[in-house]
Every structure is written in structure tokens, then in C-alpha cells.
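As numbered in mature numbering (1 follows the signal peptide of the UniProt record, and there is no 0), residues -28 to -1, 1 to 342 make up the sequence shown, in order.
Note that beta-carbon positions come from the ideal geometry of N, C-alpha and C, so glycine has one too.
Computed from a predicted model, the values in this text were never measured in an experiment.
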Amino acid sequence: MKALGKKLAGKTLLAMSLMGIMAGAVQADDKVLHVYNWSDYIAPDTIKKFETESGIKVVYDVFDSNETLEAKLLAGKSGYDIVVPSNNFLAKQIKAGVYQKLDKSKLPNWKNLNTDLLKAVSVSDPGNEHAFPYMWGSIGIGFNAEKVKAALGADAPTNSWDLLFKPENAAKLKSCGISFLDSPTEMIPVALHYLGYPTDSQDKKQLAEAEALFLKIRPSVGYFHSSKYISDLANGNICVAVGYSGDIYQAKSRAAEAGDKVKVSYNIPKEGAGSFYDMVAIPKDAENVEGAYKFMTFLQKPEIMAEITNAVRFPNGNAAATPLVEKEITDDPGIYPPADVLAKLYAIADLPAATQRILTRSWTKIKSGK
């Protein structure tokens, strides 16, 4: 009996030790937060400040397209606690059961958010139950005015989609470099809008015309990528990029920091352009949910969001942060568009799966040029 008691006691101690190790592992996991955000989309010291305040270590990864993020989320076990999808992708991912509903009692800074923006994005997330707006912006034309002028003359239509969709213009710009975002859900609506069709069209004939429009200018397009154009514009490696407003302003800032040899400008085309709202959400399978709420609360601080906007040149979804944003940013119509320009912006739609497949096949054809 004594020998058996010793064995039992030994097993008990071993079990307790294992439990202690396991508890320590769980506790350690609680001190690590996995964040997946767009590239070049946060201030240089935001993560460090959060780590210092919270004691939580952040593993920060980046992506450059909604399609990349969606592939990870729909595959399951993404490994992330915080993700930042655009609102149209958020809508269909909510339907797929990808996200947790937010417990707003754990988000005391929710009151700082822009109520008009919350209403706008409720189309994608009714009641704002799953996410809140991080940044938003437009999809327009970034360009090197000097190089465009050299190619097309002083009257180059830099305020119009004609700059790129007229094959004769694109052909002349080919030598100095053209790029488009690598995103069918954002780029094909640009062509639809230019042709006078609804940007959420499901009409196969209209979609085919949009594809044909891109194929006409395809020989003149250097590449399709959703982040490379930032450095290429700043360095003068390309002269025109269709991209996200804030990214192009980052290119402009980088060019200025490098001595202003390259001048980068941004225009929202007069015909109108796409707009996007990037949202902060917690995946269903997040492992550090409490840490995710702490990070969300941190992001909803006005001073933190103002610092991020000052760094990345995107307007944010925090009304209380606006007075803290640099005046040169809030006064810039390319970043904070006036009412008449806002009226011409369209949201990227959440399209049915069948139409999404058509867009994906069409985009593959456009990129290959065949």
C-alpha cells in the first residue's frame, strides 16, 4: 500500500506539474497577439506603444489584397486574433460565419467612432455587430506630373479615367510605366463605371465589355500589384498608378523625404471613383480574444488614430481623432474629399459567388493578356 501510495503521489505530482506547464503555456499565449493588417497601414510606433501599455507581445503580419486575407480566413485556423478586411469582403465573410460578434461592453472607446461612418458601413455589417471602421479612402490615380506631361503634353487628362482607358494615352505612357491594383473586385468596377454601367453589374455582356476595355490597354500596363507601386511611384520607376489614396500619399511623402526629385500627385477622377472602408474584426477562431479587445480599445483612442492617419495619409473612422490630425491632411481634398466629390464616390459591392467567379476568371485573362 505504501509503495502504491508513493506511485500515486508521484503520478499526482507529475499531473500537477503538467497542469502547471499547460497553464503557463496558456498564460503565455494570452501575452501574444497575432495581427494581420494591410501593408504600410499603421504608424511606426503604434505596435510598440500598445506592447508597452498592455504587456502583450504583438506578432504583426501584412497582406496587400482582400483576396489573400479571405483565403486564409475561409481555410480556417488562420492563427490571427485581429484582421482588417474591407467592408464588401467583411459582408460575405460574416455570412460565412468567419467573425465573432463584438461585446461592446469591452470597448469603452466605441463612443469616439464616427457615427455617420458607422451608419455607412452598417450596409455590410448590420448594427455594427462584428467590426468597426479603421481607415477609409478612395481608389484613384497617382501620377508623376513631369513624366506624364512629357508623354502626353501639358493638357494630359490627369483628372479623368481617360488618362488610362484611352488606348492612345496608355500607349504613350507605357514607356514611363503604368500599374493597376491586383484586385478584380476593385478594378473591374472602375471599367464598368467608365463605360456607364452599374459598378455592381451582374450582366455578363457588361462584364465582358469591361474585360474588353482592359484588354485594349493591357499591352501598355507594366504590372498589376497592390503595394509595389508605392515605392515605384516614389522612386520614379513608374509614372501612373491606379491605387489607394493613402498609399499614393505615402509615395508622395517618401519622394519628398528623398529630396523631392520626384513629384507625386493624386487625383480622384472627375467621373467618380471607388471608395473603401477597412474594418477591424476578430476571427471566430481567435485564440487571444481578450488581447484583441485590448488592441481594439487602444486603436479607438483619438490620439492613436490621429497618429496613424498622420503617418499613412488615410482618413480614419474616429470622429474624436479628426481635430488631432495634421491640418495639411484634413485640408487636402484628395484625402478628405469635399461634398461634391464624395457624392461621386461609389462603394465596392458584395457580389454573389457566381459573379465573383466571373470576375476572377476575367481578371486572370486580363493579367495574362490572352
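Below 8 Å, too few C-beta pairs join the stretch 284 to 298 and the stretch 45 to 56 to call them touching: fewer than three.
Methionine 159 has no beta-bridge partner at all, per DSSP.
If you draw a straight line from the Cα of glycine 246 to the Cα of phenylalanine 104, it is about 20 Å long. The residues Tyr265, Met268, Thr269 and Gln272, in chain order, have a CB closer than 7 Å to that of leucine 79 in the same chain once the five nearest residues on each side in sequence are set aside. For valine 70, there is no enclosing beta strand (DSSP E), since its DSSP letter is neither H nor E. Look at tryptophan 108 here: in three-state DSSP terms it is strand.
Pro139 is the residue among Pro139, Val284 and Leu90 whose C-alpha sits nearest the C-alpha of proline 191. Proline 305 counts as exposed, since fewer than 16 other beta carbons sit within 10 angstroms of its beta carbon. Setting aside the 5 residues that flank it on each side, glutamate 183 is surrounded in the same chain by Ser334, Lys337 and Ile338, each with a C-beta closer than 7 Å to its C-beta; the list follows chain order. Residues Pro156 of the same chain have their beta carbon placed closer than 7 Å to that of threonine 332, with the five preceding and five following residues left out of the count.
Of Asn38, Ala122, Ser147 and Leu185, the smallest CA-CA separation from aspartate 134 is found for Leu185.
One alpha carbon belongs to serine 132, the other to tyrosine 238, and they sit about 11 Å apart.
Here DSSP, grouped into helix, strand and coil, assigns leucine 317 to strand. When rounded, the separation of the alpha-carbon atoms in proline 255 and alanine 128 is 46 Å. By the criterion of at least three beta-carbon pairs nearer than 8 Å, the stretch 83 to 92 is in contact with the stretch 278 to 291.
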